[in-house]
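*Asks:*
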Amino acid sequence: MDCAVEARNLVKIYPGGVKAVDGVSFCIRPGEIFSLLGPNGAGKTTTVRMLSTLAKPTSGDALIMGHSVVREPDRVRELIGVVPQDLTSDDEMTGWDNVYYQARLHGLSGREAEEATRRALEFMDLLDVAHRKVSTYSGGMRRRLEIAMSLVHEPRILYLDEPTLGLDVQSRRHLWGLIRALKKRGKTILLTTHYMEEAEELSDRVAIIDRGKIIAEGTPEELKARLGGERIHLIVGDPRGAEELASQLSSKGWRARAVDGEVIVTVENAARALPMLAQFLEKAREVKIVKPNLEEVFLELTGRRLREEEPIDSFRYRIMTRRLRR
Amino acid sequence: MAGLVTGTLVVLARDVKKWVGRRGVFIVSIITPLIWIAFFGKSMNIRGLIASSVPQNLPPSLAKQIEEFYNEALKRAFGTSDYFTFFTAGMLAVFSVFQSMFSGVSVIFDKRLGYMDRLLVTPTPRPAIFLGKVGATLFRVSILEALLLATGVALGMKLKPGLSIIDLIAAWLVVMLLALGLSSFYTTLSFYAENQEVVFAVGNLVNLPLMFTSSAIFPVSKMPHWLQLIAKVNPVTYASDLVRYHLVGYTLDSYALELGVLLAVSLALFIAGLWLSVRWMTSR
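In order, the protein sequence lines correspond to chains S and L. Residue numbering for the first sequence is 957 to 1282, as defined by the numbering used here. Residue numbering for the second sequence is 2 to 285, as defined by the numbering used here.
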């Protein structure tokens, strides 16, 4: 078995005909951190829901350690831990109780569940606040509690759906450290995120997903190498002007393209190229030099940015932001 | 099988723990039955209403005759000369209708906050999730009904002479049966409903008519004919009658028929609810 998780041409069409996932295949090797990077609404969460047995694929299948999510959902549920995007812990119970009930739902006996709860909370640095009500937790503590709830039955595979959504930089770094520690303990991790820094920082391999399809896959280095150099952004402002400038540059042999009001020029070395672009700079309001990163890769592939406004369940979102604000 | 039992108990235990832990909600839900009995029951004092219209200066023998006449009339209408006793027994049935609505609300919030998905990614058997939710409601109803009955008795409800522990258990089972049917209905509705407003709207649509078209607060025999037809298919009627039979000493035309109808309606709601809820969980 060379894949811990193998998605085979997964398709999900929701009632009403919305095609959320449109033929997604990938292989996550045991012990690696694999990221699905894409904007909100790209199909990341639906993919994770199918891999977690929460949603039935319209067609296709996925094998988790060789077990089909369609035919053996109960076997799959024992193997995976799922950390959802939502904060699902109960405010009015203690952190301990939240994790403990999850352990019991996984079939652990009372004694085993207590031991497992202690271990999971200790690992997520929550043991000293275990007996406080969750309503007193900070946003970072709540996110860590979500992971503890998903770890308590010692799954071999962990899905993290936007684990640091809404967290401040410090809590995010703390969580990144813990995710790396989980990898060291041999967990296979599927991470979905729309933060390119997060994908770059943590992943062994990244799949870029957009509009329900995987449009590129590789290590972060491989993906960035596709850009073929550094990038100079000439921010023009109006799309027409940007188009004109891009075609002018192209005709002079530059690798340039216009993306909503900006001209992106790809060069081997931006510092050396800049003086040669001097005559064009006056047309730009602002000039930015960007080292290759995954945001640029996404922009190159789709002509759009990672962070776009998408409709969300506003009730869930409001509850989540209220809880995180503490 | 072991997984089904354990799963049900864990889902149930968590809901009960939340109920008890939420002190405000817990206290309010305990006070509610007391208020119902004390305010409604005592304000609808039918006997007092009639007695006050009797002139004061009648000769004692005539006054006694009139009183006996009233008692007989009340007894014929309500099966007991005391409306409060009639009413309290009916409220034991009605209360389980209203409480059942809350099992639905709990499912809605679990869904909207994402906790339902947490339940569903564990290997817990799907029926256990439904059974645990319904079971938690039955547990809550049991405790609140006991309080309701105790308050009723303290305020003057007259239990039948020679009341046995069997009668108490039988009355409890009747109330549980009604709660089983209705909480199955509300739990299932909540799996399919998008938000809690749907549950409250249906609750308002269903609960009050169920109360008014049953024998809970008014005897069926004194209703207009068309209303009697509705009352006769209303499970609350049968639950009220059966509770009165066991606690107050009401006489029934056919005990087996009344129990049979209640059993059939509740089990039908339960089985349909279980099937539809599991279908919701497995077909998304």
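Virtual Cβ for every residue (Gly too), placed ideally from N, Cα, C. Computed from a predicted model, the values in this text were never measured in an experiment.
Let me see if you follow: with CB-CB separation under 8 Å, is Q1126 of chain S close to chain L or not?
*Replies:* Answer no: the Cβ-Cβ gap between Q1126 of chain S and chain L never drops below 8 Å.
*Asks:* Which of the three DSSP states is assigned to T1050 of chain S in this structure?
*Replies:* Three-state DSSP puts T1050 of chain S in a strand.
*Asks:* Buried or exposed for D111 of chain L, please, with buried defined as at least 16 other CB atoms from any protein chain shown within 10 angstroms of its CB.
*Replies:* Classification for D111 of chain L: buried.
*Asks:* Once DSSP output is grouped into helix, strand and coil, what is the label at H1285 of chain S?
*Replies:* No answer is possible for residue 1285 of chain S: it lies beyond the span of chain S, which begins at 957 and ends at 1282.
*Asks:* If you count every other CB in all the chains shown that lies within 10 Å of the CB of W1210 of chain S, and 16 or more means buried, which is it?
*Replies:* Its Cβ being crowded by 16 or more others within 10 Å, W1210 of chain S is buried.
*Asks:* By the 10 Å Cβ neighbour count, where 16 or more other Cβ atoms means buried, how is I1 of chain L classified, buried or exposed?
*Replies:* Residue 1 of chain L is absent from the model: chain L starts at 2 and stops at 285.
*Asks:* Between T1001 of chain S and D1166 of chain S, which are expected to be in contact by the criterion C-beta below 8 Å, what is the C-beta distance as a whole number of angstroms?
*Replies:* That pair is no contact at about 14 Å.
*Asks:* Please tell me whether K1012 of chain S has its Cβ less than 8 Å away from any Cβ of chain C.
*Replies:* Judged by its chain identifiers, the structure shown contains no chain C, and its protein chains are S and L.
*Asks:* Out of L:Q100, L:W20, L:L59, state which residue places its alpha-carbon closest to the alpha-carbon of A180 of chain L.
*Replies:* Answer by Cα proximity: L:Q100.
*Asks:* Could you tell me the boundaries of the beta strand (DSSP E) in which R964 of chain S lies?
*Replies:* R964 of chain S -> beta strand (DSSP E) spans 961-970.
*Asks:* Considering only C-alpha positions, which residue in the set S:M1232, S:I1171, S:E1110 is nearest to R1141 of chain S?
*Replies:* For the residues S:M1232, S:I1171, S:E1110, the minimum Cα distance to R1141 of chain S belongs to S:E1110.
*Asks:* With DSSP as the reference, label T1073 of chain S as helix, strand or coil.
*Replies:* Residue state, collapsed to three classes: helix.
*Asks:* Among L:D83, L:T123, L:T138, whose alpha-carbon lies nearest the alpha-carbon of K159 of chain L?
*Replies:* Answer by Cα proximity: L:D83.
*Asks:* May I ask you to list the residues that DSSP assigns as paired with D1124 of chain S?
*Replies:* BP columns for D1124 of chain S are empty, so no partner.
*Asks:* From the beta carbon of G987 of chain S, is the nearest beta carbon of chain L less than 8 Å away?
*Replies:* No, G987 of chain S lies away from the interface with chain L (no Cβ there is under 8 Å from its Cβ).
*Asks:* Answer yes if the segment 1044-1052 of chain S comes into contact with the segment 1169-1184 of chain S, meaning at least three C-beta pairs across the two stretches below 8 Å, and no otherwise.
*Replies:* Output reads no: the segment 1044-1052 of chain S does not touch the segment 1169-1184 of chain S.
*Asks:* List the residues of chain L whose Cβ lies closer than 8 Å to the Cβ of R1075 of chain S, in chain order.
*Replies:* Going along chain L, no residue has its Cβ under 8 Å from R1075 of chain S, so there is no contact; the nearest lies around 18 Å.
*Asks:* Please classify P1267 of chain S: does DSSP put it in a helix, a strand, or coil?
*Replies:* Unreliable positioning characterises P1267 of chain S in this predicted model, as indicated by a pLDDT of 49, which lies under 50. A coordinate reading is not provided.
*Asks:* Under a CB-based cut-off of 8 Å, is H1062 of chain S close to chain L?
*Replies:* Yes, H1062 of chain S counts as interfacial toward chain L.
*Asks:* Helix, strand or coil for S1024 of chain S per DSSP?
*Replies:* S1024 of chain S: strand per DSSP, three-state reduction.
*Asks:* Check each residue of the segment 1042-1070 of chain S: if its Cβ is closer than 8 Å to any Cβ of chain L, include it; give the result in chain order.
*Replies:* Correct list: D1042, L1043, T1044, D1046, E1048, M1049, D1053, Y1057, Q1058, R1060, L1061, H1062, G1063.
*Asks:* Return the CA-CA distance between V1243 of chain S and L1121 of chain S, expressed in angstroms with no decimal places.
*Replies:* Cα to Cα, V1243 of chain S sits roughly 30 Å from L1121 of chain S.
*Asks:* How should N196 of chain L be labelled, buried or exposed, when 16 other C-beta atoms within 10 angstroms of its C-beta is the threshold for buried?
*Replies:* That one is exposed.
*Asks:* Count the other C-beta atoms from every protein chain shown that fall within 10 angstroms of the C-beta of L1101 of chain S, then say buried if there are 16 or more, exposed otherwise.
*Replies:* It counts as buried.
*Asks:* What separation, rounded to the nearest whole angstrom, lies between the Cα atoms of A14 of chain L and A137 of chain L?
*Replies:* Distance between the alpha carbons of A14 of chain L and A137 of chain L: 7 Å.
*Asks:* Is it buried or exposed for T1092 of chain S, if we count other Cβ within 10 angstroms and need 16 for buried?
*Replies:* T1092 of chain S comes out exposed.
*Asks:* Could you give the first and the last residue of the continuous beta strand (DSSP E) run that contains S165 of chain L?
*Replies:* Unbroken run through S165 of chain L: none, as it is neither H nor E.
*Asks:* Distance, Cα to Cα, V990 of chain S vs S1008 of chain S?
*Replies:* Sequence inspection shows Phe at residue 990 of chain S; the Val mentioned does not correspond to that position. Going from the Cα of F990 of chain S to the Cα of S1008 of chain S covers about 16 Å.
*Asks:* Is E1218 of chain S helix, strand or coil by DSSP?
*Replies:* The answer is strand: DSSP assigns E1218 of chain S an E or B state.
*Asks:* Whole angstroms is fine: what's the gap from Y187 of chain L's alpha carbon to V1108 of chain S's?
*Replies:* Looking at the two C-alpha atoms, the distance is approximately 32 Å.
*Asks:* If the criterion is Cβ atoms closer than 8 Å, does the pair S191 of chain L and L139 of chain L meet it?
*Replies:* Cβ distance not < 8 Å, so S191 of chain L and L139 of chain L don't count as in contact.
*Asks:* Of the choices S:T1144, S:I1103, S:A1214, S:L1131, whose alpha-carbon is the least far from that of R119 of chain L?
*Replies:* Minimum Cα distance to R119 of chain L is reached at S:I1103.
*Asks:* Mind listing the chain L neighbours of S1008 of chain S? Cutoff is C-beta to C-beta under 7 Å, in chain order.
*Replies:* Within chain L, the residues near S1008 of chain S are V122.
*Asks:* In chain L, what lies closer than 9 Å to P1119 of chain S by C-beta?
*Replies:* Result: empty, since nearest Cβ-Cβ is about 14 Å, beyond 9 Å.
*Asks:* Under 7 Å between beta-carbons, which chain L residues line up against E1034 of chain S? List them in chain order, please.
*Replies:* The contacting residues are P124.
*Asks:* Just the C-alpha distance for A1010 of chain S and R23 of chain L, rounded to the nearest angstrom, thanks.
*Replies:* It should be pointed out that residue 1010 of chain S corresponds to Leu in this sequence rather than to Ala. Rounded to whole angstroms, L1010 of chain S to R23 of chain L spans 30 Å at the Cα level.
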